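Reviewing the structure listed below.
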Amino acid sequence: VHMTTNSTLQMAEFDKEAAKNASTFAHDGFGNATLKRLFKKIVNIGFAATNDSEQLKAISNLEADLTGIYSKGKVCLESKGCLQLEPGLTDIITNSRSYEELLAVWKGWRDASGKLMRTKYTDFVKAMNAAIKFSGFNDTGEYWRSWYETPTFEQDVRTLFEELEPLYVELHAYVRKRLKEKYGKDMFPETGHIPAHLFGNMWAQQWSNIYDLLVPFPGASSVDITAKMKEQNYNVTHMYRVAEDFFMSIGMEKMTDAFWQNSMLVKPTDRDVVCHASAWDFYDENDFRIKQCTSVTEDQLLTVHHEMGHIVYFQNYRHQPRLFRGGANPGFHEGMADIVSLSFQTPEHMKVIGLLDEVPQDSDSDINFLLKMALDKVAFLPFGYLIDQWRWSVFRGDTNSSNYNQHWWDLRCRFQGISSPVKRTEEDFDPGAKYHIPGNTPYIRYFVSFVVQFQWHEALCREAGNTRPLHRCDIYNNTNAGNKLREMLRMGSSKPWQDAMEAITGQRTMSAKPLVNYFDPLLKWLKEQNKEENTGWSASCPSSIPTPSALAAGSANLFISITCFVLCVFFAFFQIR
Ligand code: KAW
Ligand code: ZN
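Take 1427 as the starting number for the sequence shown in our numbering and just add one per residue.
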């Protein structure tokens, strides 16, 4: 669904009219805090405040063009024909273990998407910044950050990130060690960075798809969920029913009839669509939809739960006035979307739904499980943090079209400790290869989500009377936990997020501690594994990239060694004779 330019303009007219009417009240002095908050939302109309409708038209058209490029992108490979991101390219990135094939897909996708967006994105930034000035913001990033209602927001997320960094650094060092064993250390730059295409994910944002290369204890329990799903003939509808069942088990409502009738759950074959998953509230208290090109994999099963989490939030705040039907802040909506994943993925729960035969009780299996979780939840942190570091810098004007890609890779190298496997220039526009850049969806919400979901998980498990370690807690079937969660959800955005946080956890701040506690046993184990490693990486990107010629040199070395060996054997043979 993309809002047509006409309806964008009409909505802007409506918002302006409403804001004008509301301004005739001295609402700043209202005694009723809720009413005051509602009026503040009526007058806060973002881009619609501009007096130049050409700006709004440009914003709307450019966003449509950019997402159009993203959804039409195709990569043609000699061996496999022409593929789109979902499912074709994603399948290869997930499953291939060939350095060369991964590289072809990684580069191909960036050539087919981001690279074509550069000039349009430059215009897009200009138009948004011009329009948002009418709302009194210096730039679009400042406007986006205002949704968090925290003057120290930038500093707060930095502090959280710094608290979590040591855990990420240990995970990174362990993964690097194992990937060097797999791909050969010649392919890794001296700076300590890991080539970005080896993580089983197009953006190196979550790494659990290469869990098979990294299993700590191969002998202990660990399962291949995708394989199990295929074995049990899972289909798309079943996946949504499994997710619905989880939410209902904690006392949430079932999906509405309109949900099942109107959602787009599989990729249509007759047209290009935006396949990036999303959830939609049509604000009539009944029509809620998911749009997702669902395929039968473990990743997708988690995404199904994620999107349905958004729907459950919609359902719980549907009684609120229209302008309060939103998350307490954007990070809360995403946190709600992911909270179930922490229960759902436990071995205890996998057994309940028949995707695991036996719940292991030994500590080796525990480490296996925690590593798997860390590959999603810890690996993501720097990525979730850096996307909007880049965008805030662009909106602020510190980064412009002459150094878009340079700054992007500076951040990727510095925070994630990964590097591009081929040379990048300002011809490329690698940010555009990630959906949320053309889609113009802010990203810091996911970083916030990954922090707060652990706070909530801890609080809900306490509420549920859980006695197991936090990482083995499953709130399935527990209506006490569900009720607690609902207390927060039903508030929508009618109160500041600190109130919503307090409703669940009893505290009014974000905290990295529950996440750190959750992974504590793994951190100890990782440190032990990394004793002989130089953990970390240099702050800036490697100046030279191990290229195919280095690869050739690698094979040349191998050639020489084999030749020497053969000659030795040959001479030894004659010696003996
Ligand atoms: C992630 C990835 C894998 C597994 C778990 C994960 N949790 C968070 C992520 C990161 C992120 C990503 O893929 O990079 N996840 C998503 O983008 C999921 C899509 C969404 O559900 O967050 C979606 C994004 C979107 C927003 C607006 C238009 C189109 C897409 N958000 C929503 O649909 C949404 C709807 C209403 C309220 C809040 C969010
Ligand atoms: Zn989401």
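Note that beta-carbon positions come from the ideal geometry of N, C-alpha and C, so glycine has one too. Remember, predicted model here, so these are calculated numbers, not experimental data.
So does residue i have its beta carbon nearer than 7 Å to some heavy atom of the ligand KAW?
i, result
"Q1632", "yes"
"Y1547", "no"
"L1728", "yes"
"H1759", "yes"
"T1520", "no"
"A2019", "Since the displayed the chain opens at 1427 and closes at 2003, residue 2019 lies outside it and no answer follows."
"E1774", "no"
"T1516", "no"
"T1867", "yes"
"Y1902", "no"
"Y1872", "yes"
Using a threshold of 7 Å, is the CB atom of residue i nearer than that to any non-hydrogen atom of the ligand ZN?
i, result
"A1622", "no"
"H1736", "yes"
"A1763", "yes"
"H1862", "no"
"H1731", "no"
Along the beta strand (DSSP E) that carries residue i, what are the first and last residues, could you check?
i, result
"W1834", "Note, W1834: premise wrong, no beta strand (DSSP E); alpha helix (DSSP H) at 1830–1837."
"C1508", "1507–1510"
"A1705", "1704–1707"
Output yes or no for whether 8 Å exceeds the beta carbon distance between residue i and residue j.
i, j, result
"W1532", "P1847", "yes"
"D1900", "E1774", "yes"
"A1882", "G1761", "As written in the sequence, residue 1882 is Trp, which differs from the Ala given in the question. Yes."
"F1876", "Q1631", "no"
"G1843", "H1619", "yes"
"F1821", "D1565", "yes"
"W1550", "I1495", "Here residue 1550 turns out to be Phe, not Trp, going by the sequence shown. Not closer than 8 Å, so no."
"R1604", "L1640", "yes"
"Y1660", "S1769", "no"
"L1482", "A1530", "no"
"S1966", "C1839", "yes"
"A1929", "E1913", "yes"
"T1905", "G1645", "no"
"S1479", "F1750", "no"
"P1864", "T1493", "yes"
"H1941", "F1841", "Looking at the sequence itself, residue 1941 is Leu, so the reference to His does not match. For L1941 and F1841, no; Cβs fall outside 8 Å."
"A1669", "H1731", "yes"
"N1477", "F1560", "yes"
"K1777", "V1766", "no"
"L1952", "E1596", "yes"
"K1693", "E1512", "yes"
"L1488", "V1501", "no"
"A1885", "T1935", "no"
"A1890", "L1590", "no"
Which stretch, first to last residue, makes up the alpha helix (DSSP H) that contains residue i?
i, result
"P1947", "1946–1955"
"T1548", "1544–1558"
"S1572", "1566–1572"
"A1530", "1525–1538"
"A1875", "Note that residue 1875 is Ser in the sequence shown here, rather than Ala. Run containing S1875: 1870–1889, per the alpha helix (DSSP H) assignment."
"V1804", "Premise fails: V1804 is in no alpha helix (DSSP H) and is neither H nor E."
"D1900", "Element bounds for D1900: n/a, residue is neither H nor E."
"N1688", "1683–1688"
"D1925", "1923–1931"
"L1911", "1905–1915"
Worksheet item: On the three-pair Cβ rule with 8 Å, is the segment 1646–1655 touching the segment 1712–1725?
Response: The way I'd put it, the segment 1646–1655 does touch the segment 1712–1725; three or more beta-carbon pairs between them come closer than 8 Å.
Self-check item: Given 8 Å, three or more beta-carbon pairs between the segment 1920–1928 and the segment 1902–1912
Solution: At 8 Å Cβ cutoff, the stretches do not touch.
### Task
Run through the segment 1714–1789 for me and flag every whole beta strand (DSSP E) of 3 or more residues, listed as ranges in chain order.
The segment 1714–1789 contains these whole beta strand (DSSP E) runs: 1714–1717.
Is there contact between the segment 1469–1481 and the segment 1560–1578, where contact requires at least three CB pairs shorter than 8 Å?
At 8 Å Cβ cutoff, the stretches touch.
query = Is it true that the segment 1448–1468 meets the segment 1522–1534, where meeting means three or more beta-carbon pairs spaced less than 8 Å apart?
reply = No contact exists between the segment 1448–1468 and the segment 1522–1534.
Margin query: Taking 8 Å as the cut-off, does the segment 1676–1689 touch the segment 1704–1717 (at least 3 CB pairs, one atom from each stretch)?
Written below: Taking a cut-off of 8 Å on C-beta distances, the segment 1704–1717 touches the segment 1676–1689, as three or more cross pairs fall below it.
Only counting runs of 4 or more residues, tell me where the alpha helix (DSSP H) segments fall wholly within the segment 1592–1671, in order along the chain.
-> Given a length threshold of 4 residues, each whole run of the alpha helix (DSSP H) inside the segment 1592–1671 is given here in chain order: 1637–1640, 1651–1657.
### contact_flag[the segment 1727–1737, the segment 1693–1702] where n(CB pairs < 8 Å) is 3 or more
No: the two stretches stay apart, fewer than three of their Cβ pairs being nearer than 8 Å.
Review point. Between the segment 1954–1964 and the segment 1598–1611, do at least 3 Cβ pairs fall closer than 8 Å?
Key: Touching, yes, given that three or more Cβ pairs across the two stretches are closer than 8 Å.
Query raised in the report: Counting Cβ pairs, one atom from each stretch, are 3 or more of them under 8 Å apart for the segment 1937–1947 and the segment 1776–1796?
Result: The count of Cβ pairs closer than 8 Å, one atom from the segment 1937–1947 and one from the segment 1776–1796, reaches three, so the stretches are in contact.
At which residue ranges does the segment 1435–1518 contain complete alpha helix (DSSP H) runs of 4 or more residues, listed in the order of the chain? As for any alpha helix (DSSP H) of minimum length 4 sitting wholly inside the segment 1435–1518, the runs are 1459–1469, 1479–1498, ordered along the chain.
Okay, do the segment 1803–1817 and the segment 1582–1591 touch, 3+ Cβ pairs below 8 Å being the bar?
Because the criterion of three Cβ pairs below 8 Å is met, the segment 1803–1817 and the segment 1582–1591 touch.
Note to self: If contact is defined by three or more beta carbon pairs under 8 Å, each pair taking one atom from either stretch, is the segment 1793–1807 in contact with the segment 1605–1615?
What the structure shows: The answer is no - the segment 1793–1807 does not touch the segment 1605–1615, with fewer than three Cβ pairs under 8 Å.
Next item on the list: Count the C-beta pairs between the segment 1853–1864 and the segment 1539–1555 that are closer than 8 Å, then say yes if the count reaches three, no if not.
Entry: The segment 1853–1864 is in contact with the segment 1539–1555.
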